[in-house]
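Novice: Keeping their order, the protein sequence lines are chains A and B.
Heads up: the first sequence runs through residues 1 to 403, numbered per the working numbering.
Heads up: the second sequence runs through residues 1001 to 1152, numbered per the working numbering.
C-beta atoms are modelled at their ideal positions from N, C-alpha and C, and glycine is treated no differently.
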Amino acid sequence: MAPERLAFVCPRYAGGGAVGGAETLLKNLAIRAARLGFAVDFLTTCAQNHHTWENTLPPQQVARDGMNVHFFPVDERDAPEYLRLQQAIDRGRELTLEEETRWLRNGVTSGPLMDHLARHAPSYRAIITGPYLFGLAWFAAMAHPDRTLLVPCLHDEPFARLAVMRQLFNAVAGCLFNANAERELAVELFAFPDERARVVGMGLDPFTADPAAFAARHGLTAPYVLYSGRREPLKGTPLLCDYVHAFRQRTRRDIKLVLTGSGPIEAPPALRPHLLDAGFVSEQEKHEAMAGAAAFVHPSINESFGIVLLEAFLAGTPGLVHAQSRVLVEQCHAAQAGLWFRHYPDFETQLAYLLDHPEARADLGKRGRDYVLREYAWPVIEQKFVSALDALLPVRSSPANNP
Amino acid sequence: MTTPILSIGAPGFDVAQLVADLQAAVDRKLADGVYADARVARAEHTNLVNLRGSDDFIGFYLTCLREAVFIDISDYEIHERRRVLGPLLIAFKKVVWNLLKFYTYRLWSQQNQVNGLIVTALEGMEDQTARKLAALEQRVAELEARNPGHGS
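What follows is the structure, given as structure tokens:
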């Protein structure tokens, strides 16, 4: 019997410079589905940069990671028009439905990818796509909503309040959320029904890392806090720099800030000598940096999963997250492995607490590691994924079997 | 800092309780003015957008601003890290500083005036908005009491 076919639709293929959490999540889920015996087509674009959406990879179909990966060119787009509408949404201006659709169309879309879907959709048991705010995912989902499972990676942000997003969530067969807090947000925004919702997330491979290796390699003698990922205002990195600078000034304690990942850093000049920008590092080095940190600080309020926070837990390091991020707070609370701050005074008190109580830090770290090993082992996630698929899109009898 | 009620590792430990304890300690210190500090206000400016929903934050931010607004030019300390020539260089810089005071004081005092006016205006606006909102809330409550079948 031929294996069941699944299509994953994602704007970029993670790896080689594309580091978005949502892309990583979809790719890893697809790889695991392939290992489970599904025939997986991963449909993506030739673009790697999520600002320019320039076609930098050749259009091609390749066998990679146990899947057929199809790279389709991105359509021509009116970038200034997209940015104009994006700014209007950001500022809370109400757009017409036509303007919202124009915003989606000028984000990232691919006609050839849609043609492929039109030809092959009936052969796919499910089309799994995300994140919700990209035109590519939106049009793919709306073309075949009855067989689409959306991995929304939903945040509480102005885009989530657009009328087109309500249409999307109403139309799809189901949603695979990354956390309960994300599902609750979908209930608040769209009255999303429980029977079409499942929480799946992503598994993490266990690792061990030497806590002293990173500091020794970079000559760090003082304790440090770490953030890994994209550096941009939406991720809260300027806030983290300002907080660490104020912490150093006010408490007169020598603490360093280590950043890994990509993007510019906006830091006060006086913090520069105490900031280590490690840039892109290997997974091993990232894990070592995590294992040696006094805390992993995640200042973003727009997260639907928080892969790096879970990795830090796995490295045995407690988290320090922004209280406005429901998902990160939920992870810290569920794991009993992190604290959450509302503002600078909380941050100062909580970081000082972690620095002054190494035994508490170690205990929180242990709880975090145990939690991730228990809840985010791949077999657990695979089980959730298959159950969600069976519940939301049960196997249909093929037309040949119908009388 | 007050000691958290529960110790980590103890049976029944809940991280939410630890956070609540630490936040309660912070709230007490906030009320005591421990964080009324320009450095806190400066660090917090990137967090303002995240705290739009917080009722207390604008009040706290204004307190920090009030602390920072009137800069005292005389408290500027001159340091020198070079040991050998240090005392000589400090003396030289003090002379330059004093010679320039005639010019810089005028600029500083004008800037202080502007800063003070801005803070006063902001405080006035906040106070006015709070009073208007209180009056409106009272009016809504009265109207709801008069028509119990209407409203939420």
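Spell out a yes or no on whether the segment 46 to 57 of chain A and the segment 66 to 75 of chain A are touching, meaning 3 or more CB-CB pairs, one atom from each, closer than 8 Å.
Specialist: Because the criterion of three Cβ pairs below 8 Å is met, the segment 46 to 57 of chain A and the segment 66 to 75 of chain A touch.
Novice: Residue range of the alpha helix (DSSP H) that tyrosine 344 (chain A) falls in?
Specialist: Sequence index remark: in the first sequence, residue 344 (chain A) carries index 344 (1-based). Here the alpha helix (DSSP H) through tyrosine 344 (chain A) covers 344 to 356.
Novice: Could you give the distance in angstroms between the alpha-carbon of threonine 1002 (chain B) and the alpha-carbon of histidine 333 (chain A)?
Specialist: The count along the second sequence starts at 1 and reaches residue 1002 (chain B) at position 2. The count along the first sequence starts at 1 and reaches residue 333 (chain A) at position 333. The pLDDT assigned to threonine 1002 (chain B) is 44, lower than 50, so where the model puts this residue is not dependable, and the model offers no usable value.
Novice: Sorted by chain position, which residues of the same chain lie with C-beta nearer than 8 Å to alanine 400 (chain A)'s C-beta, five sequence neighbours on each side aside?
Specialist: Your numbering for residue 400 (chain A) matches position 400 in the first sequence. Residue placement at alanine 400 (chain A) is poorly supported in this model, since its pLDDT is 41, which falls under 50; the coordinates are not used for a value here.
Novice: Leaving out five residues before and five after glutamate 4 (chain A) in sequence, what residues of the same chain have Cβ atoms less than 6 Å from its Cβ?
Specialist: On the first sequence, position 4 is the one that residue 4 (chain A) refers to. Cβ neighbours of glutamate 4 (chain A) beyond the five flanking positions: Phe38, Arg125.
Novice: Count the other CB atoms within 10 Å of the CB of leucine 354 (chain A); is the residue buried (16 or more) or exposed (fewer)?
Specialist: As a first step, residue 354 (chain A) is located in the first sequence; it is residue number 354 there, counting from the start. Leucine 354 (chain A) should be labelled buried.
Novice: For the putative contact between serine 304 (chain A) and glutamate 182 (chain A), defined by C-beta atoms under 8 Å, what is the C-beta separation to the nearest angstrom?
Specialist: The count along the first sequence starts at 1 and reaches residue 304 (chain A) at position 304. The count along the first sequence starts at 1 and reaches residue 182 (chain A) at position 182. About 5 Å; that satisfies the 8 Å criterion.
Novice: Pull the bridge partners of aspartate 277 (chain A) from the DSSP assignment, please.
Specialist: Here residue 277 (chain A) is taken as the residue at index 277 of the first sequence, counted from 1. Paired residues: A:Leu259.
Novice: Looking only at its chain, what residues have a beta carbon closer than 7 Å to the beta carbon of asparagine 180 (chain A), apart from the 5 residues adjacent to it on each side?
Specialist: Taking the first residue of the first sequence as 1, we reach residue 180 (chain A) at position 180. Only Val199, Glu330 meet the Cβ criterion.
Novice: Could you check where the alpha helix (DSSP H) with alanine 270 (chain A) kicks off and where it finishes?
Specialist: Residue mapping note: residue 270 (chain A) aligns to position 270 of the first sequence, counting from 1. Per DSSP, alanine 270 (chain A) belongs to no alpha helix (DSSP H) and is neither H nor E.
Novice: Measure how close the beta-carbons of arginine 231 (chain A) and glycine 263 (chain A) come, nearest whole angstrom, since I'm counting them as under 8 Å.
Specialist: Residue mapping note: residue 231 (chain A) aligns to position 231 of the first sequence, counting from 1. Residue mapping note: residue 263 (chain A) aligns to position 263 of the first sequence, counting from 1. That belief holds up - the Cβ atoms of arginine 231 (chain A) and glycine 263 (chain A) are roughly 4 Å apart, short of 8 Å.
Novice: By DSSP, does asparagine 55 (chain A) sit in helix, in strand, or in coil?
Specialist: The residue given as residue 55 (chain A) occupies position 55 in the first sequence. The answer is strand: DSSP assigns asparagine 55 (chain A) an E or B state.
Novice: In this structure, what does DSSP give as the bridge partners for threonine 1063 (chain B)?
Specialist: Translated into the one-based positions of the second sequence, residue 1063 (chain B) becomes position 63. DSSP, once it has assigned bridges, lists no residue as partnering threonine 1063 (chain B).
Novice: Since glutamate 1044 (chain B) meets chain A, which of its residues come closer than 7 Å, beta carbon to beta carbon?
Specialist: Reading the second sequence from its first residue, position 44 is the one you call residue 1044 (chain B). Per Cβ cutoff of 7 Å: His343, Tyr344.
Novice: List the residues of chain A that alanine 1016 (chain B) touches, going by C-beta distances under 7 Å, in chain order.
Specialist: Position 16 of the second sequence, counted from the start, is the residue given in the question as residue 1016 (chain B). By Cβ distance, chain A contributes His333.
Novice: Please tell me whether histidine 274 (chain A) has its Cβ less than 9 Å away from any Cβ of chain C.
Specialist: Absent here is chain C; the protein component of the structure consists of chains A and B.
Novice: Under a Cβ-count criterion, where at least 16 other Cβ atoms within 10 Å of its own Cβ denotes burial, should isoleucine 307 (chain A) be classed as buried or exposed?
Specialist: Locating residue 307 (chain A) in the first sequence gives position 307, where the first residue counts as 1. The residue in question, isoleucine 307 (chain A), is buried, as its Cβ has 16 or more Cβ neighbours within 10 Å.
Novice: What does glycine 66 (chain A) pair with, by DSSP beta-bridge criteria?
Specialist: For this step, residue 66 (chain A) is matched to residue 66 along the first sequence. Paired residues: none, contrary to the question.
Novice: Within the continuous alpha helix (DSSP H) that includes alanine 1043 (chain B), where are the two ends?
Specialist: Translated into positions along the second sequence, residue 1043 (chain B) becomes position 43. Note, alanine 1043 (chain B): alpha helix (DSSP H), 1038 to 1044.
Novice: Beta strand (DSSP E) containing leucine 1117 (chain B): first to last residue?
Specialist: In the second sequence, residue 1117 (chain B) corresponds to position 117, counting from 1. No beta strand (DSSP E) contains leucine 1117 (chain B), which is instead part of the alpha helix (DSSP H) from 1086 to 1146.
Novice: Using the rule of at least 16 other Cβ atoms within 10 Å of the residue's Cβ for burial, across every protein chain shown, is asparagine 1047 (chain B) buried or exposed?
Specialist: Taking the first residue of the second sequence as position 1, residue 1047 (chain B) is located at position 47. When all chains shown are included, asparagine 1047 (chain B) counts as buried.
Novice: Do you know offhand how far arginine 253 (chain A)'s Cα is from aspartate 1032 (chain B)'s?
Specialist: For the purposes of this step, residue 253 (chain A) is taken as residue 253 along the first sequence, with counting starting at 1. For the purposes of this step, residue 1032 (chain B) is taken as residue 32 along the second sequence, with counting starting at 1. Straight-line Cα distance between these residues: approximately 23 Å.
Novice: How many angstroms separate the CA atom of asparagine 55 (chain A) from the CA atom of threonine 129 (chain A)?
Specialist: Translated into positions along the first sequence, residue 55 (chain A) becomes position 55. Translated into positions along the first sequence, residue 129 (chain A) becomes position 129. Going from the Cα of asparagine 55 (chain A) to the Cα of threonine 129 (chain A) covers about 20 Å.
Novice: For a cutoff of 9 Å on Cβ pairs, would you count leucine 1065 (chain B) as touching chain A?
Specialist: Walking along the second sequence from the start, residue 1065 (chain B) turns up at place 65. Judged by the 9 Å Cβ criterion, leucine 1065 (chain B) is not in contact with chain A.
Novice: If you follow the alpha helix (DSSP H) that cysteine 175 (chain A) is in, where does it begin and where does it stop?
Specialist: What you label residue 175 (chain A) is simply residue 175 of the first sequence in a count that begins at 1. It is not in any alpha helix (DSSP H) - cysteine 175 (chain A) instead sits in the beta strand (DSSP E) that spans 174 to 177.
Novice: On the criterion of 16 or more Cβ atoms from any shown chain inside 10 Å, does threonine 148 (chain A) qualify as buried, or is it exposed?
Specialist: Taking the first sequence and counting its residues from 1, one reaches residue 148 (chain A) at position 148. Its Cβ being crowded by 16 or more others within 10 Å, threonine 148 (chain A) is buried.
Novice: What's the gap between the Cα of glutamate 157 (chain A) and the Cα of valine 1096 (chain B)?
Specialist: Within the first sequence, residue 157 (chain A) is the residue found at index 157, counting from 1. Within the second sequence, residue 1096 (chain B) is the residue found at index 96, counting from 1. Roughly 53 Å between the two C-alpha positions.
Novice: Show which residues of chain A have a CB atom less than 8 Å away from the CB atom of leucine 1030 (chain B).
Specialist: Along the second sequence, read from residue 1 onward, the residue named residue 1030 (chain B) stands at position 30. Chain A residues near leucine 1030 (chain B): Pro345.
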